[in-house]
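In the numbering used here, the protein residues as written are 322 to 526. Ideal Cβ positions, reconstructed from N, Cα and C, are used throughout, including at glycine. Reading through the structure tokens given below for one structure.
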């Protein structure tokens, strides 16, 4: 459950502005539909990009709401995900919430270090023996690395979703953990909750 005190008027203003822009653009496109001399493909592409911005901005905000009651190191998680995304270093970070999850994962290497963005980034540096598995975070501690998560049994049709994404979805189908994912192919950052994957915007940090 999201933190009830997690509120942001600036985000609401941003989303409202973008929604009004989409509404105006949609109305304009409706008026142009009967004009055979006008191709609306680019306009539709613009609308899709605007909706993507809305989805990623909202998801980033709610991710903080979901995580802030369970770790005071949210800022370090944000920095690490942003840096990993910029470098296209694949990553899989499990943040435990209320449900114990160690019985759902296997093959872990104990870490027991205080959570910091430097520690997370070093674990997922290409070539590090631990970088292929998932990191388990509990409160302010990196409990373990090189964890293997259960893969989702749901067929994933999006070709951009690799094993990391299937693992993130699979674990969150079985518990209330939040799983952060960075794609090494695209650098796109996402988080999984309740078996659903949401892209996030990490540019603003």
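Where residue i falls, given that 16 or more other Cβ within 10 Å makes a residue buried
i           : result
residue 493 : buried
residue 397 : buried
residue 387 : buried
residue 507 : exposed
residue 326 : Confidence is the limiting factor: at residue 326 the pLDDT is only 47, short of 50, which leaves the residue's position unreliable and the question unanswerable from this model.
residue 401 : buried
residue 521 : buried
residue 340 : exposed
residue 526 : Unreliable positioning characterises residue 526 in this predicted model, as indicated by a pLDDT of 40, which lies under 50. The coordinate reading is nonetheless provided below. Exposed, since its Cβ has fewer than 16 Cβ neighbours within 10 Å.
residue 337 : exposed
residue 430 : exposed
residue 427 : exposed
residue 322 : For residue 322, the predicted model reports a pLDDT of 40, less than 50, meaning its position is unreliable; a value from the coordinates is still stated below. Answer is exposed; the Cβ neighbour count stays below 16.
residue 510 : buried
residue 373 : exposed
residue 330 : exposed
Residue range of the unbroken beta strand (DSSP E) whose run includes residue i
i           : result
residue 435 : 430-435
residue 511 : 510-514
residue 507 : Taken as a continuous stretch (DSSP letters only), residue 507 belongs to no beta strand (DSSP E), as it is neither H nor E.
residue 462 : 462-468
Distance CB(residue i)-CB(residue j) smaller than 7 Å
i           : j           : result
residue 377 : residue 498 : no
residue 490 : residue 454 : no
residue 392 : residue 460 : yes
residue 546 : residue 368 : The question about residue 546 has no answer, for the chain in this structure spans 322 to 526.
residue 487 : residue 501 : no
residue 503 : residue 403 : no
residue 384 : residue 512 : yes
residue 457 : residue 468 : yes
residue 440 : residue 394 : no
residue 615 : residue 470 : Residue 615 lies beyond the range of the chain shown here (322 to 526); nothing can be said about it.
residue 463 : residue 422 : no
residue 332 : residue 382 : yes
residue 353 : residue 362 : no
Extent of the continuous alpha helix (DSSP H) to which residue i belongs
i           : result
residue 489 : 484-493
residue 522 : Where residue 522 is concerned, there is no enclosing alpha helix (DSSP H), given that its DSSP letter is neither H nor E.
residue 353 : 330-353
**Request:** Please confirm if the stretch 397-416 is in contact with the stretch 483-503, defined as three or more CB-CB distances below 8 Å between the two stretches.
**Result:** yes
**Request:** Quick one: which unbroken alpha helix (DSSP H) runs of 4-plus residues sit fully inside the stretch 386-456? Chain order, please.
**Result:** Within the stretch 386-456, the complete alpha helix (DSSP H) segments of 4 residues or longer fall at 395-408, 438-444, listed in chain order.
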